[in-house]
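Novice: Line by line, the protein sequences give chains X and L.
In this text, residue positions in the first sequence follow UniProt numbering: the first is 1, and each later residue adds one.
In this text, residue positions in the second sequence follow UniProt numbering: the first is 1, and each later residue adds one.
Beta carbons are placed, not taken as given, at the ideal position from N, Cα and C, and that holds for glycine.
There's a structure below that I have some questions on.
There are 2 protein chains.
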Amino acid sequence: MDNNHYCVIMAGGNGSRLWPASTTACPKQFMDIAETGKTSIRNTYDRFSSIVPKDNILVVTVRKYRDLVLRDIPELKEENLLLEPYARDTAPCIAYAAYTLFKRNPQATMVVTPADHLIDDDEKFREAIVRSIEFVSENNVLMTLGITPTRPDPNFGYIQITGGSAALQKAGAIKVKTFTEKPDVSLAKVFIASGEFFWNSGIFVWTAETIIREMEKHLPEVTRVFSGWEHAVGTPMEEEFISRAYTDCVKISIDYGVMEKTDKAWLYPADFGWSDVGTWESLYGCIGEKDMNGNIFNTAKILTEDSHDVVVYSSTYDKLVAVKGLENYVVIDTGKALLICPKDDKKLKEFTARLSMPGFENYR
Amino acid sequence: MDNNHYCVIMAGGNGSRLWPASTTACPKQFMDIAETGKTSIRNTYDRFSSIVPKDNILVVTVRKYRDLVLRDIPELKEENLLLEPYARDTAPCIAYAAYTLFKRNPQATMVVTPADHLIDDDEKFREAIVRSIEFVSENNVLMTLGITPTRPDPNFGYIQITGGSAALQKAGAIKVKTFTEKPDVSLAKVFIASGEFFWNSGIFVWTAETIIREMEKHLPEVTRVFSGWEHAVGTPMEEEFISRAYTDCVKISIDYGVMEKTDKAWLYPADFGWSDVGTWESLYGCIGEKDMNGNIFNTAKILTEDSHDVVVYSSTYDKLVAVKGLENYVVIDTGKALLICPKDDKKLKEFTARLSMPGFENYR
Numbered sequence: 001m002d003n004n005h006y007c008v009i010m011a012g013g014n015g016s017r018l019w020p021a022s023t024t025a026c027p028k029q030f031m032d033i034a035e036t037g038k039t040s041i042r043n044t045y046d047r048f049s050s051i052v053p054k055d056n057i058l059v060v061t062v063r064k065y066r067d068l069v070l071r072d073i074p075e076l077k078e079e080n081l082l083l084e085p086y087a088r089d090t091a092p093c094i095a096y097a098a099y100t101l102f103k104r105n106p107q108a109t110m111v112v113t114p115a116d117h118l119i120d121d122d123e124k125f126r127e128a129i130v131r132s133i134e135f136v137s138e139n140n141v142l143m144t145l146g147i148t149p150t151r152p153d154p155n156f157g158y159i160q161i162t163g164g165s166a167a168l169q170k171a172g173a174i175k176v177k178t179f180t181e182k183p184d185v186s187l188a189k190v191f192i193a194s195g196e197f198f199w200n201s202g203i204f205v206w207t208a209e210t211i212i213r214e215m216e217k218h219l220p221e222v223t224r225v226f227s228g229w230e231h232a233v234g235t236p237m238e239e240e241f242i243s244r245a246y247t248d249c250v251k252i253s254i255d256y257g258v259m260e261k262t263d264k265a266w267l268y269p270a271d272f273g274w275s276d277v278g279t280w281e282s283l284y285g286c287i288g289e290k291d292m293n294g295n296i297f298n299t300a301k302i303l304t305e306d307s308h309d310v311v312v313y314s315s316t317y318d319k320l321v322a323v324k325g326l327e328n329y330v331v332i333d334t335g336k337a338l339l340i341c342p343k344d345d346k347k348l349k350e351f352t353a354r355l356s357m358p359g360f361e362n363y364r
Numbered sequence: 001m002d003n004n005h006y007c008v009i010m011a012g013g014n015g016s017r018l019w020p021a022s023t024t025a026c027p028k029q030f031m032d033i034a035e036t037g038k039t040s041i042r043n044t045y046d047r048f049s050s051i052v053p054k055d056n057i058l059v060v061t062v063r064k065y066r067d068l069v070l071r072d073i074p075e076l077k078e079e080n081l082l083l084e085p086y087a088r089d090t091a092p093c094i095a096y097a098a099y100t101l102f103k104r105n106p107q108a109t110m111v112v113t114p115a116d117h118l119i120d121d122d123e124k125f126r127e128a129i130v131r132s133i134e135f136v137s138e139n140n141v142l143m144t145l146g147i148t149p150t151r152p153d154p155n156f157g158y159i160q161i162t163g164g165s166a167a168l169q170k171a172g173a174i175k176v177k178t179f180t181e182k183p184d185v186s187l188a189k190v191f192i193a194s195g196e197f198f199w200n201s202g203i204f205v206w207t208a209e210t211i212i213r214e215m216e217k218h219l220p221e222v223t224r225v226f227s228g229w230e231h232a233v234g235t236p237m238e239e240e241f242i243s244r245a246y247t248d249c250v251k252i253s254i255d256y257g258v259m260e261k262t263d264k265a266w267l268y269p270a271d272f273g274w275s276d277v278g279t280w281e282s283l284y285g286c287i288g289e290k291d292m293n294g295n296i297f298n299t300a301k302i303l304t305e306d307s308h309d310v311v312v313y314s315s316t317y318d319k320l321v322a323v324k325g326l327e328n329y330v331v332i333d334t335g336k337a338l339l340i341c342p343k344d345d346k347k348l349k350e351f352t353a354r355l356s357m358p359g360f361e362n363y364r
């Protein structure tokens with residue numbers, strides 16, 4: 001394995017969309033929500049351990065999750081755990097990691113990955129990553145792994161490739177034409193029918209140098225707060241420096257801040273069985289059992305009547321869940337909380353956002 | 001306290017209408033579902049202990065609940081625990097108790113009461129019972145305690161009194177004109193508006209002799225299977241005799257079998273804060289907290305949106321229940337099962353009846 005290749009696992013999310021199964025006290029990346037036998041962050045770490053040297057795997061998270069990261073990856077060295085004072089979305093997180101890696105190794109390539117994705121086929125995944133690393137090592141581009149869409153899901157970003165679907169016939173990467181964040185279902189249907197669109201996996205591959213240059217160009221409001229990083233990251237001053245930088249930093253995603261603006265965006269089409277585990281639908285689309293009315297559940301026993309497209313999750317496997325008269329709902333049951341809500345992701349988000357009111361501290 | 005007065009607690013119900021809080025393994029009479037600090041059967045026993053001598057309190061239940069009765073009333077003497085081989089509704093249960101008491105004491109008066117009712121005002125209750133006992137001791141009638149209705153609940157039996165509402169002005173008991181089982185809501189509204197109707201509490205007072213005569217007259221199919229009781233009850237042959245009798249016995253309620261047919265039905269109007277705890281609505285109508293949208297709940301924390309008239313019960317008090325978009329539902333959560341169903345009692349009953357299918361043995 002090449003010592004110039006690194007992986008950065010982003011593990012700072014609070015997993016609020018899967019509340020109450022996932023809570024801010026223990027977000028989904030620190031859970032085995034898909035029942036694989038390991039937590040998501042551990043699966044991610046192990047998956048990359050066969051692609052890059054273990055000492056080249058970094059984890060970026062917010063400070064409050066430090067102990068959870070070390071619980072799941074006790075062998076992680078201190079210098080490979082980057083702690084953010086607050087979550088500021090992906091762009092500042094990637095800037096912090098890129099400066100850190102560039103200072104360690106100016107030749108560094110970086111794979112950037114969320115900590116909580118589900119991957120079915122590790123071998124295909126490995127191949128896509130290795131090919132992407134080879135490509136960005138030779139070409140000055142920002143690579144994103146694109147997933148062939150299987151349904152018009154309005155919760156994903158969609159990426160259009162150049163040259164139409166014919167370009168897909170050529171092996172390897174393809175230049176990106178447009179990014180579209182979360183289209184409505186009808187637009188998503190058009191996208192899929194065209195054959196030119198992929199889901200944005202949120203897994204990126206590039207060199208530290210290229211992403212730093214593109215951020216300086218498209219996101220000066222972020223790179224500005226990191227001024228002086230050369231003298232701070234990897235030194236005893238790092239914590240104080242990062243605290244100050246984050247205090248002044250905007251909250252912005254790498255997709256919105258860089259990928260939608262750059263002319264260096266490329267896509268590697270991938271087909272390794274992927275779920276971002278971002279919503280109950282996407283999680284159970286991969287792993288749940290579905291009855292003939294489209295009800296999906298993880299419990300041993302379910303009794304339904306006049307119900308369809310209900311997602312049932314219980315932290316107690318042998319609990320019987322009996323549901324009558326629900327359509328397009330989620331029923332999420334943990335020891336501490338029970339959520340019954342229409343499945344629509346926006347409604348779910350709006351509703352659970354009310355947990356930020358005083359009095360719900362113990363349940364978030 | 002008069003040694004001729006007895007109380008018979010009927011404790012054989014399987015409490016299926018409050019499933020899954022109440023299960024056939026532990027029906028509601030053996031639970032403290034209203035959170036009073038004692039189980040319902042214990043509350044019932046204690047309430048009658050100040051009205052009749054303790055040795056004059058009998059419990060009738062099905063054999064499988066024997067240990068639960070003795071768990072809650074360890075001081076109950078063996079001869080005062082009547083065990084039915086199967087549940088055959090109230091008429092055979094009352095026949096068994098009446099023959100037992102008549103053999104012990106031909107002067108016996110009997111109060112017959114379900115084991116699971118909630119009574120708010122013990123003193124008013126005591127007064128109603130004592131007055132009723134006095135009345136039936138002197139008059140050859142079947143007395144039922146009538147409850148002033150507070151809502152047009154279609155789940156109750158309604159009793160019309162003779163002589164119109166003016167008769168209520170006289171103290172004491174009133175002769176009954178008609179019994180009507182579970183009218184629809186619109187008819188129940190007419191009943192209530194008339195001022196002539198009471199809810200049938202299912203609590204009866206009579207002498208053993210009178211009820212035996214009236215059963216022989218109106219329910220010969222029941223009394224026939226008890227032929228020879230004089231030589232069997234209270235003897236070593238009792239268990240075998242009762243087993244044979246119940247095998248051949250029809251399943252029928254005392255209301256349908258006797259009260260609707262007899263000309264000896266009287267009513268004692270009572271106002272002691274009563275709930276039969278027969279449905280979630282009736283239980284929470286008495287004791288739950290209600291928010292401004294009519295949602296009733298027993299948990300410490302609830303979060304609702306676009307929801308009204310939802311009954312929430314959790315066996316875990318500090319569990320947060322978050323409900324969006326439900327109207328007229330019950331949400332019943334125990335450690336073993338979760339029920340989400342329209343509140344309508346018939347729908348609930350039909351739905352939970354499906355638990356009799358194979359595979360649900362552990363959840364009934």
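CA-CA distance, residue 99 of chain X and residue 88 of chain X?
Specialist: Taking the straight line joining both Cα atoms gives about 16 Å.
Novice: In angstroms with no decimal places, state the Cα-to-Cα distance between residue 191 of chain L and residue 147 of chain L.
Specialist: Distance between the alpha carbons of residue 191 of chain L and residue 147 of chain L: 13 Å.
Novice: Using the beta-carbon of each residue, which ones in chain X are nearer than 8 Å to residue 296 of chain L?
Specialist: Residues of chain X passing the Cβ test: none, with the nearest at roughly 16 Å.
Novice: So who's on the other strand from residue 333 of chain X, going by DSSP bridges?
Specialist: Beta-bridge pairing links residue 333 of chain X to X:314, X:338.
Novice: Would you mind working out which of L:93, L:92, L:94, L:56 sits nearest residue 78 of chain L, comparing C-alpha positions?
Specialist: Of the candidates L:93, L:92, L:94, L:56, the one whose C-alpha sits nearest the C-alpha of residue 78 of chain L is L:56.
Novice: Consider the Cβ of residue 358 of chain X: report whether some Cβ of chain C lies at a distance smaller than 8 Å.
Specialist: Absent from the structure is chain C; the protein chains it does hold are X and L.
Novice: Skipping 5 residues on each side, what residues in its chain have a beta carbon closer than 7 Å to that of residue 169 of chain X?
Specialist: Confidence at residue 169 of chain X is low in this model, with a pLDDT of 48, below 50, so its placement is unreliable and no value can be given for it.
Novice: Please list the partners that residue 305 of chain X has in chain L, where partner means a Cβ-to-Cβ separation under 8 Å.
Specialist: What residue 305 of chain X touches in chain L: 351, 354.
Novice: Can you list, in chain order, the residues of its chain whose CB lies under 7 Å from that of residue 86 of chain L, leaving out five sequence neighbours each side?
Specialist: 62, 246.
Novice: Following the continuous beta strand (DSSP E) through residue 60 of chain L, name the residue where it begins and the one where it ends.
Specialist: That run of the beta strand (DSSP E) goes 57–62.
Novice: My guess is that residue 109 of chain L and residue 4 of chain L are in contact by the Cβ rule of under 8 Å, so how many angstroms apart are they, rounded?
Specialist: Going by Cβ atoms, the distance from residue 109 of chain L to residue 4 of chain L rounds to 6 Å, so yes, they are a contact pair.
Novice: Could you tell me the alpha carbon to alpha carbon distance between residue 21 of chain L and residue 175 of chain X, rounded to whole angstroms?
Specialist: Taking the straight line joining both Cα atoms gives about 60 Å.
Novice: Output the distance between the C-alpha atoms of residue 368 of chain X and residue 364 of chain X, rounded to the nearest integer angstrom.
Specialist: Residue 368 of chain X lies beyond the residue range present for chain X, which begins at 1 and ends at 364; the question has no answer from this structure.
Novice: Would you mind telling me which residues of chain L sit closer than 7 Å to residue 342 of chain X, beta carbon to beta carbon, in chain order?
Specialist: Under the 7 Å cutoff, chain L gives 324, 325.
Novice: Using a cut-off of 7 Å between C-beta atoms, extract the partners of residue 337 of chain L located in chain X.
Specialist: 319, 320, 322, listed in chain order.
Novice: Restricting to Cα atoms, I'd like to know which of L:185, L:282, L:160, L:308 is closest to residue 177 of chain L.
Specialist: Ranking L:185, L:282, L:160, L:308 by Cα distance to residue 177 of chain L puts L:160 first.
Novice: Looking at chain X, is there any beta carbon in it that lies within less than 8 Å of the beta carbon of residue 268 of chain L?
Specialist: Output row for residue 268 of chain L: interface = no.
Novice: Note down, in chain order, every chain X residue with its Cβ under 8 Å from the Cβ of residue 363 of chain L.
Specialist: Those within 8 Å of residue 363 of chain L in chain X are 301, 320.
Novice: Going by DSSP in three states, residue 274 of chain L sits in which element: helix, strand or coil?
Specialist: Looking at residue 274 of chain L - three-state DSSP - the assignment turns out to be strand.
Novice: Give me, in chain order, the residues of the same chain whose beta-carbon lies closer than 8 Å to that of residue 301 of chain L; leave out the 5 immediate sequence neighbours on both sides.
Specialist: Only 318, 319, 320, 321 meet the Cβ criterion.
Novice: Show which residues of chain X have a CB atom less than 9 Å away from the CB atom of residue 124 of chain L.
Specialist: Near residue 124 of chain L there are no residues of chain X at all, since even the closest Cβ is about 38 Å away, more than 9 Å.
Novice: When the Cα of residue 138 of chain L is compared with those of L:205, L:125, L:150, L:189, which residue comes out closest?
Specialist: Comparing Cα positions, the closest option is L:205.
Novice: Below 8 Å on C-beta distance, what does residue 331 of chain X contact in chain L?
Specialist: Residues of chain L passing the Cβ test: 338, 340.
Novice: Could you give the first and the last residue of the continuous beta strand (DSSP E) run that contains residue 222 of chain X?
Specialist: It is not in any beta strand (DSSP E) - residue 222 of chain X instead sits in the alpha helix (DSSP H) that spans 220–223.
Novice: Helix or strand or just coil, what does DSSP make of residue 365 of chain L?
Specialist: Outside the shown range of chain L, which is 1 to 364, sits residue 365 of chain L, and nothing can be said about it.
Novice: Reducing DSSP to helix, strand and coil, say where residue 83 of chain L ends up.
Specialist: Three-state result, residue 83 of chain L: strand.
Novice: Rounding to the nearest angstrom, what Cα-Cα distance links residue 251 of chain L and residue 92 of chain L in this structure?
Specialist: Answer to the nearest angstrom: the Cα atoms are 8 Å apart.
Novice: To the nearest angstrom, how far is the alpha carbon of residue 124 of chain X from that of residue 347 of chain X?
Specialist: Rounded to whole angstroms, residue 124 of chain X to residue 347 of chain X spans 36 Å at the Cα level.
Novice: Can you look up residue 204 of chain L in the DSSP assignment and give me helix, strand or coil?
Specialist: Residue 204 of chain L: strand per DSSP, three-state reduction.
Novice: Which two residues bound the contiguous alpha helix (DSSP H) that contains residue 246 of chain X?
Specialist: Taken as a continuous stretch (DSSP letters only), the alpha helix (DSSP H) holding residue 246 of chain X covers 238–248.
Novice: Measuring alpha carbon to alpha carbon, tell me which of L:132, L:151, L:149 ends up nearest residue 142 of chain L.
Specialist: It is L:132 whose Cα lies nearest to the Cα of residue 142 of chain L.
Novice: By the 10 Å Cβ neighbour count, where 16 or more other Cβ atoms means buried, how is residue 117 of chain X classified, buried or exposed?
Specialist: Answer is buried; the Cβ neighbour count reaches 16.
Novice: Less than 8 Å between CB atoms is the rule here; does residue 347 of chain L satisfy it with respect to chain X?
Specialist: Yes, because at least one Cβ of chain X sits closer than 8 Å to the Cβ of residue 347 of chain L.
Novice: Report the three-state DSSP secondary structure of residue 19 of chain L (helix, strand or coil).
Specialist: DSSP places residue 19 of chain L in coil when its eight states are reduced to three.
Novice: On the premise that residue 323 of chain L lies in contact with residue 341 of chain L, defined as a C-beta separation below 8 Å, what is that separation, rounded to the nearest angstrom?
Specialist: So it is not a contact: roughly 13 Å between Cβ atoms.
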